[in-house]
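Undergrad:
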Amino acid sequence: MNTPTPSFAVHVPDAELEPEPLDPAQVVAGDPQVSGKVLWESEDGRQVRGIWQITPGTVTDTEADELFVVVSGRATVEVEGGATLEVGPGDLAVLREGDRTRWTVHETLRKAYQITLP
């Protein structure tokens, strides 16, 4: 039997985050720093909800199936072979599993996210 997801609320702009590692091979320009906080993870680890932040710079990534809402900051997310997303406060975006992206972060970006893994 599955345990139901607990209800909760978090004030995302003020949430304290922990530094997270960033593979130097992903850094294209600048000295971006990443921090985050996992708020909830399913027992099987396939669903994750949390907060993520990155300082200005340019990085590459291979994405999971993700829905996110930008709380603060601005970035340009170029999806290889797809759209270029200009995201800022209040924007909701969806990335697909396997999307190869290039994030150019113009202002420190903070987002709340939900990731679903295969």
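When the letters of the sequence shown are read in order and numbered with the numbering used here, they come out as residues 1 to 118. Glycine included, every Cβ here is placed at the ideal spot set by N, Cα and C. In this text, all values refer to a predicted model and were calculated from it rather than measured experimentally.
1) Which of the three DSSP states, helix, strand or coil, is assigned to Asp14?
2) Spell out the partners DSSP gives Glu41 in its beta bridges.
3) Any idea which residues DSSP pairs Val28 with across the strands?
4) Compare the C-alpha of His106 against each of Thr5, Ala75 and Leu85 and name the closest.
5) Does DSSP put Gly73 in a helix, a strand or coil?
6) Tell me which residue opens and which closes the beta strand (DSSP E) that Thr116 is part of.
7) Any idea what DSSP makes of Ala93, helix, strand or coil?
8) For a test of the three-state rule: what should DSSP assign to Thr55, helix, strand or coil?
9) Give me the Cα-Cα distance between Leu39 and Gly81, rounded to the nearest whole angstrom.
TA: Taking the coordinates as given:
1) Translated into the one-based positions of the sequence shown, residue 14 becomes position 14. Look at Asp14 here: in three-state DSSP terms it is helix.
2) By 1-based counting over the sequence shown, the position of residue 41 is 41. Answer is Val48.
3) The sequence position of residue 28 within the sequence shown is 28, counting from 1. For Val28, which the question treats as bridged, DSSP gives no partner whatsoever.
4) By 1-based counting over the sequence shown, the position of residue 106 is 106. Taking only the C-alpha atoms, the option nearest His106 is Ala75.
5) Taking the first residue of the sequence shown as 1, we reach residue 73 at position 73. Strand.
6) Within the sequence shown, the letter at position 116 stands for residue 116. Counting along the chain, the unbroken beta strand (DSSP E) around Thr116 starts and ends at Arg100 to Thr116.
7) Within the sequence shown, residue 93 is the residue found at index 93, counting from 1. In the structure shown, Ala93 sits in a strand (DSSP, three-state: E or B).
8) Your numbering for residue 55 matches position 55 in the sequence shown. Shown here, Thr55 sits in coil according to DSSP, grouped into three states, outside any helix or strand.
9) Here residue 39 corresponds to residue number 39 of the sequence shown, with the count starting at 1. Here residue 81 corresponds to residue number 81 of the sequence shown, with the count starting at 1. If I take the Cα positions, the gap works out to 32 Å.
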